[in-house]
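Report on one structure; see the data block that follows.
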Amino acid sequence: MKKVLMVCLGNICRSPLAEGLLKAKVDPEKIEVSSAGTGGWHVDEQPDPRSVAVAQKNGLDITDQRGKQFSTYDFEIYDHIFVMDTSNYRDVVKLAANEAEKEKVQLILDELYPGEQRSVPDPYHGGDEGFDKVYAMLDAACEKIAARL
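Here the sequence shown is numbered in the working numbering, starting from 6 and rising by one per residue.
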């Protein structure tokens, strides 16, 4: 079974949406999807209500997810680690013990824009429209990931 981890800063906005989207697009018997944050502020919390709302508006239920913090152990568990922005990328790669672990990490938008190092903007401090835009970006990226996996 392939294992995929989605990572953002707090694991309440972007990575829970990416987790829910990819889960909806893959066979759960073949691919396991989870999410985490580089920071530990929201461990065991549900996703941000705005992420829950945009997911529900698009037919996804992510209310069963709980925040967790990324750890070095995740390199052993997951085959692919998709990060939301360049700051998350630096934070995760800094924890890698070797080149093989670093190679598991990639910016999620590299799926749509290879080599451009584009980031998914953090909608936390913005309005609801930011969550809609993030959802659309992640939906397109997860479509590509699902097709590739």
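Beta carbons are placed, not taken as given, at the ideal position from N, Cα and C, and that holds for glycine.
Counting only the Cα atoms, Gly135 lies some 25 Å from Val9. Apart from the 5 residues on each side of it in sequence, Val38 sits with its Cβ closer than 6 Å to the Cβ of Val9, Glu24, Leu27, Lys28 in its chain, given in chain order. If you draw a 10 Å sphere on the C-beta of Asp53, you find 16 or more other C-beta atoms in it, and that means buried.
Note that the segment 111–121 touches the segment 87–94; at least 3 beta-carbon pairs, one per stretch, sit closer than 8 Å. When the alpha-carbon of Arg19 is set against those of His130, Glu34, Ala101, the nearest one is in His130. Annotated three-state conformation of Leu143 is helix, per DSSP. Shortest Cα-Cα distance from Gln74 to any of Cys147, Pro33, Arg153, Val97 involves Val97.
Under DSSP, Gly42 forms a beta bridge with Cys13, Gln74. Rounded to the nearest whole angstrom, the C-alpha separation of Lys138 and Lys62 is 13 Å. Nearest to Pro128 by C-alpha distance, out of Asp49, Arg55, Lys107, Val48, is Arg55. When DSSP states are grouped into helix, strand and coil, Val110 belongs to the strand group. Distance between Ala101 and Ala146, taken at the CA atoms: about 24 Å.
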